[in-house]
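The structure appears right after this line, and notes come after that.
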Amino acid sequence: MTLREKVGQLNQRMYGWDAYRRRPDGEFELTRALYDETDRFEGLGALYGLLRADAWSGVDHATGAGAEAGPLLADLVQRHVLERSRLGIPALFVEEVPHGLMALDGTVLPVNLAVGATWDPDLYERAASHAAAELRARGGHLALVSALDIARDPRWGRTEECFGEDPYLAARLTEALVRGMQGELAGVDGEFAPDKAPVVLKHFAGQGATVGGRNSAESELGPRELHEIHLPAARAGVRAGAAAVMAAYNEVDGLPCSANGSLLNGLLRDRWGFRGLVMADGLAVDRLARITGDKVSAGALALDSGIDLSLWDAGFTHLEEAVERGLVKESVVDAAVSRVLALKFRLGLFERPCPATELPSAETGRSLSTALARSAVTLLHNRAGALPVDPARVSRIAVLGPHSATTAHQLGDYTAPQRPGTGTGVLAALRELALPGTEIRHAQGCALTGDDLSGIPEAVAAAAASDLAVLVLGGSSARTPDTEFDANGAARAVVSEMTCGEGVDLADLRLGRAQHALLDAVTATGTPTVVVLIQGRPHAVPEAAGHTAALLTAWYPGPWGGEAIAEILLGHTAPTGRLPVSVPRSAAQLPVYYNHKDTEYGTYVDEDAEPLYSFGHGLTYTSFEYGVPNIRPGGGSCEVEVTNTGGRAGRSVVQLYVRRVRTSVWPRTLELRGFQAVELAPGERRTVVFALGEEQLAQVGGDLATVVLPGSVEIRVAESAREALDSVPAVLDL
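Numbering of the sequence shown is given in this note's numbering, commencing with residue 1 and proceeding in unit increments.
Dropping the structure here:
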């Protein structure tokens, strides 16, 4: 290969939607922009977002490729790339798959924060497998999936993309993601099955800890915090065989991740043995010009630091010049090119550049999305058994609030436009599932944002005339055409109802004024009120905890989330979700994550320092009793008896925590080190067994503490981090 051809393999310069145009007759034609791009390097290394559709790209059902047309479009582009390549090298088609394939007619899954609330890696693995099959059937190759960010500050608009605040939970779900999307491979070099997709895990590393919860800001992390909290999910994904990672935007200790050779080469490749691809985040390479002085040297710095493939940058287009100027060695270019080509070989693109696979069942996708949504709904409180709805006492239900009758706000960020009629809102689902004769009234009451209170009297009248009010409140990450975007797709000037998502960071975690006024007015009627929160971050709504009969959070549950919520309200299924993040009382408390250092710090004078609801919390329609954990002789396992003490079958998520005492390292209060779900009938008792290997007992940050430290640990088993602190521990001497 010539140096020019090599550099071309490392560039992912185009927005994929600029590569084609849909004619009035419905057929696709390639654009001059694509011809120019492939002529520039005699081929194309990778193309981002050929199938992407959203308000930023401007692609919708009139201009883009649906499920049936997607493979035809991918085939058209790939054949053009092969014709332009002297050596016949195919392009990688890279797509966003944050919670399902971000393409027209792609199955939308609940967002990652909702997945975290399921505490169910097996279910998520099946959903990830379906998403991979959709991607490959549509002609895509490489899946970009958020998995590595740990939610430490809920003001951050991308909190919805995190599995939660805990590294252990995130690691288990990251493993499930990799297994589901990539399948069982013959080692790290095995070829991908036609319905499996290599995963780019993002973002590496520490992006969830940016200062002030502001997107792309610096992260003030010491080595131990980085290793204990922000690297375990990445290491788990690498061990599971992840094909690629994406370097994060943020700085760690003053150095941008895309220029951090000690992170990408020293740790990821040398110490962890990662042999896959490292991709830059959008325009991150060009941002390095602020350090280097120009984009040529910025590209050289990123390549030398471990970046293999750029994203929309100009810096990598000048790598030929950078080599000629001595800024980077051609051998470094060769190493990066070999990793790009290796992935293309593993995908079988040289033998089958335009593979045709069958589209997976849309009904299967809907079923998996609904199952995740159902498992994610978390019951936070339920006074006097207000739920499930008792038909003997409730025959009139008022369904109120800005989220009550829409599906748009259930979808989360990074979602393609949906066809009319896709999905089910809470109102429609309750009307469908409630017993015949149940009278259901509806009033929106207020908009999601703004100060218009004119609709509240109608909502109050509906609540006052009902036996139960279901008030659906929250936020939204729904992008609209009037949203202004940065060059990397992040929201810049929000003029819609978008209150969450990339670029939408908040200083205050309270809902808007109108929503709080609606909550106060409805609860003042005296009608028992159930609040359901549709949200991409844990909003601070202490009033909902203090003045309502029941409170649930469904996160962003996807298109069919309304169906899942209605099933739980009516008792068709019981809630099984558990909090993947702690819920603050106010933004002034932050941070409130459970696994802080045990420094015996005090509370605030003006407010409680404890969260409103702790990590791991979640109620169901029965009750469970835990025995004292019993460590087996030899310390290799821990047993605990769990009993269903209620009158109804239910699912308990048994959580094992380790609390370090008498060690040479300053302890954290608690560390989640295992969890198991158990289904029990009323009165049934079962013994749950946890292995206590090195993974459970060593520090989370295995790179800094690869062996069990001397001293003792307390083994605590409970249903939440808060309850674990109050439980009776078993002590294991190490």
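Beta carbons are placed, not taken as given, at the ideal position from N, Cα and C, and that holds for glycine.
> From Ala243 to Leu430, what does the alpha carbon distance come to, in whole angstroms?
Replying inline: 43 Å
>> For Asn644, report the span of its beta strand (DSSP E) as first-last.
In response: 637-644
>> Under DSSP, the beta strand (DSSP E) around Asp733 begins and ends at which residues?
In response: 730-733
> In terms of residue numbering, what span does the beta strand (DSSP E) encompassing Ala564 cover?
Replying inline: Per DSSP, Ala564 belongs to no beta strand (DSSP E); it is in the alpha helix (DSSP H), 561-569.
> Under the rule that 16 or more other beta-carbon atoms within 10 Å means buried, what is Val628, buried or exposed?
Replying inline: exposed
> Can you tell me whether Arg742 is buried or exposed, with buried defined as 16 or more other CB within 10 angstroms of its CB?
Replying inline: Lying outside 1 to 734, the shown extent of the chain, residue 742 is not represented and no answer is given.
>> Between which residues of its own chain and Leu301 is the CB-CB distance below 6 Å, once the five residues before and five after are set aside?
In response: Ala259, Leu288, Thr292
>> Could you tell me the alpha carbon to alpha carbon distance between Tyr249 and Leu697, rounded to whole angstroms?
In response: 32 Å
>> Please return the same chain residues whose Cβ sits closer than 7 Å to the Cβ of Glu321, not counting the five positions on each side in sequence.
In response: Val296
> At a cut of 8 Å, does the segment 95-103 reach the segment 338-347 through at least three beta carbon pairs?
Replying inline: no
> Contact check, Leu347 vs His99 under 8 Å by CB: the rounded distance?
Replying inline: In fact, because the Cβ distance is near 23 Å, the residues do not count as touching under 8 Å.
>> For the ligand ATP, I want to know if Val470 counts as a neighbour, meaning its beta carbon is within less than 7 Å of at least one of the ligand's heavy atoms.
In response: In the structure on display, the ligand ATP does not appear, and there are no ligands present to speak of.
> Anyone know if the C-beta pair for Arg651 and Thr603 falls short of 8 Å?
Replying inline: no
>> Just verifying my parser: in three-state terms, what is the DSSP assignment at Thr364?
In response: helix
> Which residues does DSSP pair with His381 in a beta bridge?
Replying inline: Leu551
> Taking the alpha carbon of Gly562 as the point to measure from, which residue in Ala443, Glu29, Gly326, Ser404 has its own alpha carbon closest?
Replying inline: Ser404
> Since Leu372 and Ala574 are thought to touch, with beta carbons under 8 Å apart, how far apart are those beta carbons, to the nearest angstrom?
Replying inline: Rounded, the Cβ-Cβ distance is 16 Å, inconsistent with contact.
>> Can you tell me which residues form a DSSP beta bridge with Glu714?
In response: Arg659, Val731
>> Taking the alpha-carbon of Arg765 as reference, which of Ala564, Gly266, Asn215, His203 has the nearest alpha-carbon?
In response: Lying outside 1 to 734, the shown extent of the chain, residue 765 is not represented and no answer is given.
> If you follow the alpha helix (DSSP H) that Phe192 is part of, which residue opens it and which one closes it?
Replying inline: Looking at the DSSP string, Phe192 is not in any alpha helix (DSSP H), and its letter there is neither H nor E.
>> Counting C-beta neighbours from all protein chains within 10 Å, is the total for Thr2 16 or more, i.e. buried, or is it exposed?
In response: exposed
> Based on the DSSP secondary-structure assignment, which residues constitute the bridge partners of Ser219?
Replying inline: Thr210, Val252
>> For Gly702 and Pro232, what's the separation of their Cα atoms in angstroms?
In response: For Gly702, the predicted structure reports a pLDDT of 49, less than 50, and the residue's modelled location is therefore unreliable. The matter cannot be settled from this model.
> With which residues is Thr529 paired in a DSSP beta bridge?
Replying inline: Ala469
> Once you ignore the five residues that flank His130 on each side, which residues in its own chain have a CB closer than 7 Å to its CB?
Replying inline: Thr107, Pro360, Thr364, Gly365, Leu368
> With contact counted as at least three CB pairs below 8 Å, one residue from each stretch, are the segment 394-402 and the segment 574-593 in contact?
Replying inline: no
> Within 10 angstroms of its Cβ, does Tyr35 collect 16 or more other Cβ (buried), or is it exposed?
Replying inline: exposed
>> Suppose contacts are defined by Cβ-Cβ distances below 8 Å. Is Glu42 in contact with Gly8 by that definition?
In response: yes
> What is the rounded straight-line gap between the Cα of Leu509 and the Cα of Gly474?
Replying inline: 11 Å
>> I believe Ala236 touches Ala197 by the beta-carbon criterion, under 8 Å. Please report the beta-carbon distance rounded to the nearest angstrom.
In response: At roughly 19 Å, the Cβ-Cβ gap does not stay under 8 Å, so Ala236 and Ala197 are not in contact.
>> Distance check for Ser477 and Val59, CA to CA, integer angstroms please.
In response: 18 Å
> Distance, Cα to Cα, Gly385 vs Thr548?
Replying inline: 12 Å
> Who are the near neighbours of Leu283 in its chain, counting only those whose CB is closer than 8 Å to its CB and skipping five residues on each side?
Replying inline: Leu311, Trp312, Asp313, Ala487, Asn488
> Less than 8 Å separating the beta-carbons of Ile150 and Ala170?
Replying inline: yes
> Around the C-beta of Thr687, are 16 or more other C-beta atoms found within 10 angstroms, so that it is buried, or is it exposed?
Replying inline: exposed
>> So for Val738, helix, strand or coil by DSSP?
In response: It is not possible to answer for residue 738, since the shown part of the chain is limited to 1 through 734.
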